[in-house]
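S.K.: After the structure tokens below, expect a handful of questions from me.
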Amino acid sequence: MCMKMFLFFKREHQKLAMAEAKSLANKVLKEADSFAIADFKDQSFNRLVLTRYACEVLATVSRLDDLCPLKFKSFAVRCSRIGDTNLSCGEVENQVGARIEGKVDLENPNVLVRVFTDGKTYYVTKQLFEYSEKELNFRRVNARPFFHPTSLQPKWARMLLNLSGVKKGQILDPFCGAGGILLEAGILGLKATGIEKDEATVEGANENLWFFKVDNRCKVINKDFLEWNDGKFDAIVTDLPYGKSSLLFGRKLDELYEKSFRKMHEHSDKAVIMGPRDLSALLKATGWRVEGVFSFYVHRTLQRWVHICSS
Ligand SMILES: C[S@@+](CC[C@H](N)C(=O)[O-])C[C@H]1O[C@@H](n2cnc3c(N)ncnc32)[C@H](O)[C@@H]1O
0 MCMKMFLFFK REHQKLAMAE AKSLANKVLK EADSFAIADF KDQSFNRLVL TRYACEVLAT
60 VSRLDDLCPL KFKSFAVRCS RIGDTNLSCG EVENQVGARI EGKVDLENPN VLVRVFTDGK
120 TYYVTKQLFE YSEKELNFRR VNARPFFHPT SLQPKWARML LNLSGVKKGQ ILDPFCGAGG
180 ILLEAGILGL KATGIEKDEA TVEGANENLW FFKVDNRCKV INKDFLEWND GKFDAIVTDL
240 PYGKSSLLFG RKLDELYEKS FRKMHEHSDK AVIMGPRDLS ALLKATGWRV EGVFSFYVHR
300 TLQRWVHICS S
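Numbering (numbering that gives the first Met the number 0), first residue to last: 0 to 310.
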């Protein structure tokens, strides 16, 4: 059974948020800058990191008078504007609240009714998910037993995994470093294999995987990716070495990228690759179809590009 969901994006990365939503949804029914409406056959909207609220659509009306009565044990109503409208959110909340039977509880309601409106259409929804950094923060880079300066924060690792669209299956990270992507894959219930050439980093990655109890699903192999040949995966998800804090082992950056992009075809038909610049041209030249490329700031000063590719 499909659930029709209203996904209200976080303001800072709306294009990426749309790509993330598309990767996990079964079908996107409506696309806008700040939101999407999409069918989901499962609960994977719970893993989105660039969506602020994921809400089940209860009704879509152009006049609140047309809203059929709703009934909940207890409820609260919140309104958000999604377009150029100066409509009063307080008034919308009162009007919608008047059509709901049940006790108003602003602190701890059974159902949080969210109304999204551009002044012409009212999407009346029930919130099922609200993004929170709290759970992800347990695994933030400096809360792990092994710290590495190039490690990805859990939010970005999860975003890359989400962009792969893999919900069950096996992931390969050919440049796994301290295991940021593997760790998050394990938490999502995926199996993950990482390749890392630096022995001390492999030990550290294993420590991190063991500490967060995902070492039964994730493994790290101490090898040079260009000299490793083993297995097919549902997707490659990786954050490339870029030669500042991350080692290149005497190779030139472009040579390493070109050879590894060619080699990735042996292991998967799908790849989500994060890099220090737009690598679309090189990816295309090495046989990948680039379905999307997005730039974003990992933190205030560090810009990265993410490429969604298929064979
Ligand atoms: C940007 S870091 C990955 C960080 C990782 N995503 C994390 O969250 O910890 C890239 C890693 O690639 C490794 N590396 C560089 N060249 C390699 C190669 N040829 N084969 C395997 N690993 C390599 C580096 O030692 C480095 O740890």
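Ideal Cβ placement from N, Cα and C applies to all residues, glycine included.
Note that this is a predicted model, so its numbers are computed, not measured.
Among 20, 88, 50, which residue has its Cα nearest to the Cα of residue 39?
M.R.: For the residues 20, 88, 50, the minimum Cα distance to residue 39 belongs to 20.
S.K.: Say yes only if the C-beta of residue 266 is nearer than 7 Å to one or more non-hydrogen atoms of ligand 1, and no if none qualify.
M.R.: No, Cβ of residue 266 sits at least 7 Å from all heavy atoms of ligand 1.
S.K.: Below 8 Å, how does it come out for the stretch 293-301 and the stretch 257-271: are there three or more Cβ pairs, yes or no?
M.R.: Judged by Cβ distances under 8 Å, the stretch 293-301 makes no contact with the stretch 257-271, as fewer than three pairs qualify.
S.K.: Rank 45, 255, 24 by C-alpha distance to the C-alpha of residue 37 and give the top, closest one.
M.R.: When only C-alpha atoms are compared, the closest one is 24.
S.K.: Can you find the residues in the same chain that come closer than 7 Å, C-beta to C-beta, to residue 101, ignoring five residues on each side of it along the sequence?
M.R.: So the list reads 70, 71, 72, 73, 74, once near-sequence residues are dropped.
S.K.: Could you say which of 173, 176, 160, 199 lies nearest to residue 184 if we only look at CA atoms?
M.R.: Considering only alpha carbons, the answer is 160.
S.K.: Just checking residue 180 against ligand 1 - is the residue's beta carbon closer than 7 Å to any of the ligand's heavy atoms?
M.R.: Residue 180: yes, Cβ under 7 Å from ligand 1.
S.K.: Between residue 151 and ligand 1, is there a pair consisting of the residue's CB and a ligand heavy atom that are separated by less than 7 Å?
M.R.: Flag set: Cβ of residue 151 near ligand 1.
S.K.: Using CA coordinates, which residue listed in 91, 206, 123 is at the minimum distance from residue 146?
M.R.: Answer by Cα proximity: 206.
S.K.: Please specify which runs of the beta strand (DSSP E), each continuous and at least 3 residues long, are wholly inside the stretch 79-142, giving them in chain order.
M.R.: Here the runs fully enclosed are 99-103, 110-116, 121-129.
S.K.: Taking 8 Å as the threshold (C-beta atoms), are residue 232 and residue 180 in contact?
M.R.: Cβ distance not < 8 Å, so residue 180 and residue 232 don't count as in contact.
S.K.: For residue 41, count the other beta carbons within 10 Å of its own beta carbon; 16 or more makes it buried, fewer makes it exposed. Which is it?
M.R.: Per the 10 Å Cβ criterion, exposed.
S.K.: Excluding five sequence neighbours on each side, which residues of the same chain lie with their C-beta closer than 7 Å to the C-beta of residue 144?
M.R.: These residues qualify, in order along the chain: 206, 207, 210.
S.K.: What's the gap between the Cα of residue 254 and the Cα of residue 247?
M.R.: The alpha-carbon atoms of residue 254 and residue 247 are separated by roughly 10 Å.
S.K.: Applying the criterion that 16 or more other CB atoms from any shown protein chain within 10 Å of the CB defines a buried residue, is residue 138 buried or exposed?
M.R.: It counts as buried.
S.K.: Go ahead and pull the three-state DSSP assignment for residue 221.
M.R.: Strand at residue 221.
S.K.: Under the rule that 16 or more other beta-carbon atoms within 10 Å means buried, what is residue 302, buried or exposed?
M.R.: The residue in question, residue 302, is exposed, as its Cβ has fewer than 16 Cβ neighbours within 10 Å.
S.K.: Hey, which unbroken runs of the alpha helix (DSSP H) at 4 residues or more fall wholly within the stretch 173-241?
M.R.: Segments of the alpha helix (DSSP H) lying fully in the stretch 173-241: 179-186, 198-210.
S.K.: So, do the stretch 78-96 and the stretch 108-122 have three or more beta carbon pairs nearer to each other than 8 Å?
M.R.: Touching, yes, given that three or more Cβ pairs across the two stretches are closer than 8 Å.
S.K.: Looking only at its chain, what residues have a beta carbon closer than 8 Å to the beta carbon of residue 68, apart from the 5 residues adjacent to it on each side?
M.R.: Here the set comprises 98, 99, 100.
S.K.: Tell me whether residue 310 is buried or exposed, calling it buried when 16 or more other Cβ atoms sit within 10 Å of its Cβ.
M.R.: Flag for residue 310 reads exposed.
S.K.: Kindly confirm or deny that the stretch 0-8 and the stretch 49-69 touch, where touching means at least three C-beta pairs closer than 8 Å.
M.R.: Yes: the two stretches touch, three or more of their Cβ pairs being nearer than 8 Å.
S.K.: Starting from residue 157, trace the alpha helix (DSSP H) in both directions and tell me its first and last residue.
M.R.: That run of the alpha helix (DSSP H) goes 153-163.
S.K.: So, is residue 196 buried or exposed, given that buried needs 16 or more other C-beta atoms within 10 angstroms?
M.R.: The residue is buried, with at least 16 neighbouring Cβ atoms inside 10 Å.
S.K.: If contacts are defined as beta-carbon pairs under 8 Å, then residue 190 and residue 216 qualify, I think. What distance do you get, rounded to the angstrom?
M.R.: Their Cβ separation, rounded to whole angstroms, is 5 Å, which keeps residue 190 and residue 216 in contact under 8 Å.
S.K.: Around the C-beta of residue 214, are 16 or more other C-beta atoms found within 10 angstroms, so that it is buried, or is it exposed?
M.R.: Counting Cβ neighbours within 10 Å, residue 214 comes out buried, since at least 16 surround it.
S.K.: Can residue 160 be considered in contact with ligand 1, in the sense that its beta carbon sits closer than 7 Å to one or more heavy atoms?
M.R.: Not so, every heavy atom of ligand 1 lies at least 7 Å from the Cβ.
S.K.: Cβ-heavy atom distance between residue 275 and ligand 1 below 7 Å?
M.R.: Every heavy atom of ligand 1 is 7 Å or more from the Cβ of residue 275, so no.
S.K.: What are the uninterrupted segments assigned as alpha helix (DSSP H) that are 4 or more residues long and contained completely in the stretch 4-40, given in chain order?
M.R.: As far as the stretch 4-40 is concerned, its whole alpha helix (DSSP H) runs of at least 4 residues are 13-23.
S.K.: Give the secondary structure of residue 259 by DSSP, where H, G and I count as helix, E and B as strand, and everything else as coil.
M.R.: Three-state DSSP puts residue 259 in a helix.
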